[in-house]
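Residue numbers (my numbering): 320 to 574.
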């Protein structure tokens, strides 16, 4: 954790208007219809420019305490509020939000998410939670209990960046997952790189053999889409179809 990162995090928590969510649509691979939208964090500079906010979230993760939970609370509240508005006229379009493994380990995540669902007026059946960095989950039994309770509420559960973490396969055995997300590291070299063809193709097959759906991230070219269509991948996320956009632009897209 750097002094710069800590200062940026504290400013963002004091001035919530610095924290901006963009939404990147996730499309049905075959029809192009919008299935969901992932909430992506950005930081607004004094100039009005939006920039990546990785340093803020990384610092909060390293703190492993109240600031992480405060940041996630703000972001989830914003995302739930936005999604409740678009689902009022597009009820089938879901919201994808990330869940830190620290939340499963140390926070009262079930209680907090349930309270936010009530206050924001969103239907839990319209929410997908992406579980990130699963290697950091130490107490699998406690995490499984929380995830099964979320599943009982109707929340969809996805493993993010699947295949980059050695423990991800093990989590398929424990967690009530609905699907996996293939990271850009496997997608970007397609279809030319034979190793990525083998890895991506077999991960899609593994998911399907387990009854899971697949989202391929960072799809930017038609030949990449063709590869995933050939392998029966259900969903596509990337610049080929849509870039991240402000919620107002996303609502216009849906309309």
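Yeah, the Cβ is synthetic: ideal placement off N, Cα and C, and Gly gets one too.
**OP:** Might you give, ordered along the chain, the residues of its own chain that have their beta carbon closer than 6 Å to the beta carbon of residue 400, omitting 5 neighbours on each side?
**Re:** 439
Original post:
Can you round the beta-carbon distance between residue 534 and residue 507 to whole angstroms, since I take them to be within the 8 Å contact cut?
Top reply: No, residue 534 and residue 507 are not in contact; Cβ-Cβ is about 15 Å, not under 8 Å.
Subject >> Identity of the residues DSSP links to residue 347 by a beta bridge >> reply: BP columns for residue 347 point to 554.
Original post:
So which of 537, 494, 567 has the shortest CA-CA distance to residue 531?
Top reply: 494
Original post:
Whole alpha helix (DSSP H) runs in the segment 445–478 with 4 or more residues, listed along the chain?
Top reply: 459–471
Original post:
Are residue 342 and residue 538 close, meaning C-beta to C-beta below 7 Å?
Top reply: It is not a contact, given that the beta carbons lie outside the stated cut-off.
Original post:
Quick one, which of 571, 464, 442, 375 has its alpha-carbon nearest residue 363's?
Top reply: It is 375 whose Cα lies nearest to the Cα of residue 363.
Subject >> Same chain, Cβ closer than 7 Å to residue 335, neighbours up to 5 away in sequence not counted >> reply: 393
**OP:** Put residue 538 into one of helix, strand or coil per three-state DSSP.
**Re:** coil
**OP:** On the DSSP bridge assignment, give the partners of residue 521 in chain order.
**Re:** Listed as beta-bridge partners of residue 521 by DSSP are no residues whatsoever.
Original post:
Beta-carbon separation of residue 576 and residue 457 under 7 Å?
Top reply: This structure cannot settle anything about residue 576, because the visible part of the chain is limited to 320 through 574.
Original post:
In chain order, what residues of the same chain have a beta carbon less than 6 Å from the beta carbon of residue 474, not counting five sequence neighbours either side?
Top reply: 443, 446, 448
Subject >> Whole-angstrom C-beta distance between residue 429 and residue 369, which should lie under 8 Å >> reply: With a Cβ gap of about 32 Å, residue 369 and residue 429 do not count as contacting.
Original post:
Between which two residues does the beta strand (DSSP E) harbouring residue 337 extend?
Top reply: Looking at the DSSP string, residue 337 is not in any beta strand (DSSP E), and its letter there is neither H nor E.
Original post:
In its own chain, which residues sit with a C-beta less than 8 Å from the C-beta of residue 348, not counting the 5 before and 5 after it?
Top reply: 535, 544, 547, 548, 552, 553, 554, 555
Original post:
Would DSSP call residue 574 helix, strand or coil?
Top reply: coil
Subject >> C-beta atoms of residue 505 and residue 526 nearer than 7 Å >> reply: no
Subject >> Secondary structure of residue 364, DSSP reduced to three states >> reply: Note: residue 364 maps to coil in three-state DSSP.
Subject >> Residue of 350, 354, 395 minimising C-alpha distance to residue 419 >> reply: 395
**OP:** Give the range of the beta strand (DSSP E) segment to which residue 500 is assigned.
**Re:** 498–501
**OP:** Could you check which residue in 414, 425, 424 has the C-alpha nearest to that of residue 436?
**Re:** 414
Subject >> DSSP-derived helix/strand/coil call for residue 438 >> reply: helix
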